[in-house]
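Student: Mind having a look at this structure? Questions to follow.
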Amino acid sequence: MDPDGWLPAIDGQIFVRKVGSDGCVTVDLAPYYISQQVAGQYMALQVVASEQTFAVWHGCTLLKTLPIKHLYRQPMPLEDYFALMVQEALAEDRRLSASQRHLRQLALWGC
Numbered sequence: 219m220d221p222d223g224w225l226p227a228i229d230g231q232i233f234v235r236k237v238g239s240d241g242c243v244t245v246d247l248a249p250y251y252i253s254q255q256v257a258g259q260y261m262a263l264q265v266v267a268s269e270q271t272f273a274v275w276h277g278c279t280l281l282k283t284l285p286i287k288h289l290y291r292q293p294m295p296l297e298d299y300f301a302l303m304v305q306e307a308l309a310e311d312r313r314l315s316a317s318q319r320h321l322r323q324l325a326l327w328g329c
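Under our numbering, the first residue of the sequence shown carries the number 219, and numbering increases by one thereafter.
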């Protein structure tokens, strides 16, 4: 089973992100360092599936390429893939639950 098999389906897709004061952008909860020199500016991160990278564009200028994080980069047995998907689903459920608790607390405070 190829856990990264979804990547070719989004080849060429662009994610626009604003660079934080620390020089990083975030894609799917993963931080990517661009440069502190471009803090506050918007970058386009284009998926290059064949290389498993993001091409980082600032306007028409290619600034750098970055490896896409959280890829497995190798096939795995179906049983291992299934266990991995269960773990990821449980982690996502915990993240959503924590986020909802935070929103309920804000509502209680009148925010």
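By construction, the Cβ of each residue, glycine as well, lies at the ideal position given by its N, Cα and C atoms.
This one's a predicted model, so the numbers in the text were calculated from it and none came from an experiment.
Look at the alpha carbon of M294 and the alpha carbon of Q231, and state the distance between them as a whole number of angstroms.
Tutor: 26 Å
Student: Does the stretch 240-251 come close enough to the stretch 284-303 to have 3 or more Cβ pairs within less than 8 Å?
Tutor: yes
Student: Drop a sphere of 10 angstroms on the beta-carbon of L263, count the other beta-carbons inside from all chains shown, and report buried for 16 or more, exposed for fewer.
Tutor: buried
Student: The beta strand (DSSP E) that contains V243, what's its start and end?
Tutor: C242 to V245
Student: Work out the CA separation of P221 and V265 for me, nearest whole Å.
Tutor: 17 Å
Student: Just verifying my parser: in three-state terms, what is the DSSP assignment at V256?
Tutor: helix
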